[in-house]
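So the protein lines, in turn, are chains U and A. First residue of the first sequence: 425, per the numbering used here; consecutive thereafter. First residue of the second sequence: 425, per the numbering used here; consecutive thereafter. Here a beta-carbon is modelled for each residue, glycine too, at the ideal position from N, C-alpha and C. Only one structure is covered here, and it is reproduced in the block below.
There are 2 protein chains.
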Amino acid sequence: MDTATTLHDRIRQTINSRTKPPGSLGLLEALAVQIAVLQSTIAPRMERCTLIIFAADHGIARAGVSAFPQAVTRQMVLNFLSGGAAANVFARSVGVDLQVVDAGVAGAPIENPGLIRRRLGAGTANFLDAPAMSPEQAARALDDGAAIARATAGEALAFGEMGIGNTATAAALAHKLTGLPLERLVGRGAGLDDAALARKLSTLQRACARVPGILPAERAMAEYGGFEIVMMAGAMRAGAQAGRLVLVDGFIATAAASLALALDPAVRPALVFAHRSAEAGHGVLLDRLRARPLLDLEMRLGEGTGALLAWPLVQAASRMMTEMASFAEAGVSNGTA
Amino acid sequence: MDTATTLHDRIRQTINSRTKPPGSLGLLEALAVQIAVLQSTIAPRMERCTLIIFAADHGIARAGVSAFPQAVTRQMVLNFLSGGAAANVFARSVGVDLQVVDAGVAGAPIENPGLIRRRLGAGTANFLDAPAMSPEQAARALDDGAAIARATAGEALAFGEMGIGNTATAAALAHKLTGLPLERLVGRGAGLDDAALARKLSTLQRACARVPGILPAERAMAEYGGFEIVMMAGAMRAGAQAGRLVLVDGFIATAAASLALALDPAVRPALVFAHRSAEAGHGVLLDRLRARPLLDLEMRLGEGTGALLAWPLVQAASRMMTEMASFAEAGVSNGTA
Chain U
425 MDTATTLHDR
435 IRQTINSRTK
445 PPGSLGLLEA
455 LAVQIAVLQS
465 TIAPRMERCT
475 LIIFAADHGI
485 ARAGVSAFPQ
495 AVTRQMVLNF
505 LSGGAAANVF
515 ARSVGVDLQV
525 VDAGVAGAPI
535 ENPGLIRRRL
545 GAGTANFLDA
555 PAMSPEQAAR
565 ALDDGAAIAR
575 ATAGEALAFG
585 EMGIGNTATA
595 AALAHKLTGL
605 PLERLVGRGA
615 GLDDAALARK
625 LSTLQRACAR
635 VPGILPAERA
645 MAEYGGFEIV
655 MMAGAMRAGA
665 QAGRLVLVDG
675 FIATAAASLA
685 LALDPAVRPA
695 LVFAHRSAEA
705 GHGVLLDRLR
715 ARPLLDLEMR
725 LGEGTGALLA
735 WPLVQAASRM
745 MTEMASFAEA
755 GVSNGTA
Chain A
425 MDTATTLHDR
435 IRQTINSRTK
445 PPGSLGLLEA
455 LAVQIAVLQS
465 TIAPRMERCT
475 LIIFAADHGI
485 ARAGVSAFPQ
495 AVTRQMVLNF
505 LSGGAAANVF
515 ARSVGVDLQV
525 VDAGVAGAPI
535 ENPGLIRRRL
545 GAGTANFLDA
555 PAMSPEQAAR
565 ALDDGAAIAR
575 ATAGEALAFG
585 EMGIGNTATA
595 AALAHKLTGL
605 PLERLVGRGA
615 GLDDAALARK
625 LSTLQRACAR
635 VPGILPAERA
645 MAEYGGFEIV
655 MMAGAMRAGA
665 QAGRLVLVDG
675 FIATAAASLA
685 LALDPAVRPA
695 LVFAHRSAEA
705 GHGVLLDRLR
715 ARPLLDLEMR
725 LGEGTGALLA
735 WPLVQAASRM
745 MTEMASFAEA
755 GVSNGTA
């Protein structure tokens, strides 16, 4: 504890020695402290980031909870692999590596050498009637996610997802983990109108009544999880355990982060909440986690697009620690002398 | 008008043809429209940006309106030139070129081959007692700013400033341009305590009573301007006239943008408000301009640091137009078929 306090003091001193009024870089200073504490150094490095997009399908989509047909999950995986999706464009633009994982897309396995295949099935079961997956599948999803994360390089990991119906799954899972009311967690996803939104809510209320009450993490993820969400939670946990920064994207990634935290609260210091999505439930879930996201651009696309746009901020915060001159070095009066 | 409407429609169609739910990239879509309209194309380019930091001193600083001594302006210019300031670090991190202009720093001219010298004096006069500058100096500041902007390369220009006392100048100038109450425009700058903040406000109230009422732009800038602020306004206007995007930083840059708009309202379509500063008057001034800034990171450093952090968002928005696959190209169902 003494050592930790000393490190924290040294980090604060380093930031305050830099040529700027104390506190004037706002959230970037808090981010710099987080990065430095995570790496246990006053000279952190934040040079490389990998975005992992987990894709899977959802049995609940058959209940009509999305504006898009289920085939879009598979089509978008192919779009990621050919470099044409928003996540590809943003990843190239900000210099982040991108990997795509088939965690359980409906239909036959996708044959593509660029794809990481960790299929747990052709989509989950419809959790309106039955558990989304078996406890064995859930455990394997966590392990596979961890293995995928460990195989990547870089000081930071960013997480994205693709899965038609997965705002419904994320709402159900977050509800079962936190007890937050479904009414506040359910949103329009890719673009439901009012009537479809009301149907989505009533469908999820029926589904969540199947196993009543707040559930332990292991039970919640098997009953109401998605393959991509559980795998992402496993990857987040492994990233955090390895001392890497974990960039959390929007509502679905935050539901995965909630699961990772329920499994292991020690994940928390690694998490950076990249942005506040326009999806209704995201702000509610962020507030529950006492998370202040870096960006608020009214985005609601997923795929890790928000996490990607936060990466330049993470790099700038880290470099502030190592590249800025101190008052003494630059011969600048610090106003208190 | 017909042509403009048609171009706007084509831009909207292009964005909506991209593989994402309509509107799901939020403010980035509005930004993409702005960029495309500015460049009159559905295939905009946003590859290069130059940050120009204008530095100058302020006579009002002698009235004790800053937490830092006036010598810091000069010291920070040297810090910019040796690459150690936050603006240098962020500019390198996001790939923006950086130029530093001596618009009128107190003391002898700074001899450095990396510095652009356009000195209008050794700081302005103290506008508590007399006009900050002559009408001739103000006119020359606008012209010099325009010439500096025209000599830079890139589709975008970002603007930063350094000048001890310049939140006081920016508050007085914004007050004289808009009529917004000084009480709402005056803030703590680099870190005034409550007593010093009260003194700053009463000093500015006395100064602004010297020439009562709202003033025309030409009069306001000479009576209450700063060399760096007026020069920046001239550079912003020239950038906008050349069809370049103008990234506006915090409170002082927004005061300069207000001046540029008062001189020529046609500047507006080129302006991107990069961030909301923690300096008290910035939100007030942004609201008056009906501006929704991209970032809100509680920063209040100036130097163009907020504008720099917005540059990756500008690039991502532009590339969304040109690099993302359409639904048809990627074979993705658009949910309405």
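Query	Result
Coil, strand or helix - U:THR474 by DSSP	strand
Partner residues on chain A for U:GLU753, Cβ-Cβ distance less than 8 Å	GLY508
Terminal residues of the alpha helix (DSSP H) in which A:ARG498 lies	495-506
Of the residues A:ASP526, A:LEU581, A:ARG661, A:THR430, the one placed nearest A:PRO689, counting alpha carbons only	A:ARG661
CB contact flag (A:ALA582, A:ALA740, <8 Å)	no
The stretch 565-584 of chain A in contact with the stretch 536-556 of chain A per 3-pair CB rule at 8 Å	yes
Run of the beta strand (DSSP E) containing U:PHE583, from where it starts to where it stops	580-586
Residue-chain proximity (U:LEU733, chain A), Cβ-Cβ < 8 Å	yes
CB contact below 8 Å: U:MET425 versus chain A	Bear in mind that the predicted position of U:MET425 carries a pLDDT of just 48, short of 50, making it unreliable; the figure below should be weighed with that in mind. No, because no Cβ of chain A sits closer than 8 Å to the Cβ of U:MET425.
Whether A:SER441 touches A:PHE751 by CB criterion (8 Å)	yes
CA-to-CA distance, U:GLU560 to A:ALA761, given in whole angstroms	Model confidence at A:ALA761 stands at a pLDDT of 40, short of 50, so the residue's coordinates are unreliable and nothing is read from them.
Close-in-space but distant-in-sequence residues of the same chain around U:PHE551 (CB under 8 Å, 5 per side omitted)	GLY483, ILE484, THR593, ALA596, ALA631, ARG634, GLU647, TYR648
Extent of the continuous alpha helix (DSSP H) run through U:ASP567	559-574
Residues of its chain near A:PHE514, where Cβ-Cβ distance is below 6 Å and the 5 sequence neighbours each way are ignored	THR729, LEU732
U:ALA546 beta carbon less than 8 Å from that of U:MET470	no
U:ALA575 burial status per 10 Å Cβ neighbour count (16 or more: buried)	exposed
Among U:LEU710, U:THR627, U:LEU431, U:ALA620, nearest to U:THR764 - alpha-carbon criterion	Residue 764 of chain U lies beyond the stretch modelled for chain U, which goes from 425 to 761, so this question has no answer here.
Boundaries (first-last residue) of the beta strand (DSSP E) holding A:ASP711	Per DSSP, A:ASP711 belongs to no beta strand (DSSP E); it is in the alpha helix (DSSP H), 704-712.
A:GLY611 and A:THR627 closer than 8 Å at C-beta	no
Proximity to U:THR602 [Cα-Cα], best of U:ALA681, U:GLY613, U:ALA702, U:GLY519	U:ALA681
Member of U:LEU719, U:VAL489, U:GLU535 whose CA lies at the smallest distance from the CA of U:ARG498	U:GLU535
Alpha helix (DSSP H) runs wholly inside the stretch 633-681 of chain A, at least 4 long, in chain order	641-648, 651-665
Reduced DSSP category for U:ALA509 - H, G, I as helix; E, B as strand; rest coil	coil
Straight-line gap, A:VAL670 to U:ARG486 (C-alpha atoms, nearest Å)	48 Å
C-alpha distance - U:GLU753 paired with A:GLY674, whole-angstrom precision	27 Å
Which residues DSSP lists as bridging A:PHE697, in chain order	A:VAL672
Alpha carbon of U:ALA460 to alpha carbon of U:LEU719, nearest angstrom	21 Å
Local Cβ density within 10 Å of A:SER464, reported as buried at 16 or more and exposed below that	exposed
Minimum Cβ-Cβ distance from A:GLN739 to chain U less than 8 Å	yes
Closer than 8 Å to chain A by CB, U:MET586	no
Beta-carbon neighbours of A:PRO445, restricted to chain U and to distances below 9 Å	ALA491, PHE492, GLY613, ALA614, GLY615, ARG724, LEU725
Local Cβ density within 10 Å of A:HIS699, reported as buried at 16 or more and exposed below that	buried
Whole-angstrom distance between A:GLY584 and U:GLY578, CA atom to CA atom	32 Å
Short CB-CB distance (under 8 Å) between U:GLY674 and chain A	no
Spatially closest choice to A:ALA549 from A:LEU713, A:PHE504, A:ALA530, by CA coordinates	A:ALA530
Within chain A, partners of U:GLU488 - CB distance below 9 Å	For the record, residue 488 of chain U in the displayed sequence is Gly; it is not Glu. By Cβ distance, chain A contributes nothing, its closest Cβ being about 13 Å from U:GLY488, past 9 Å.
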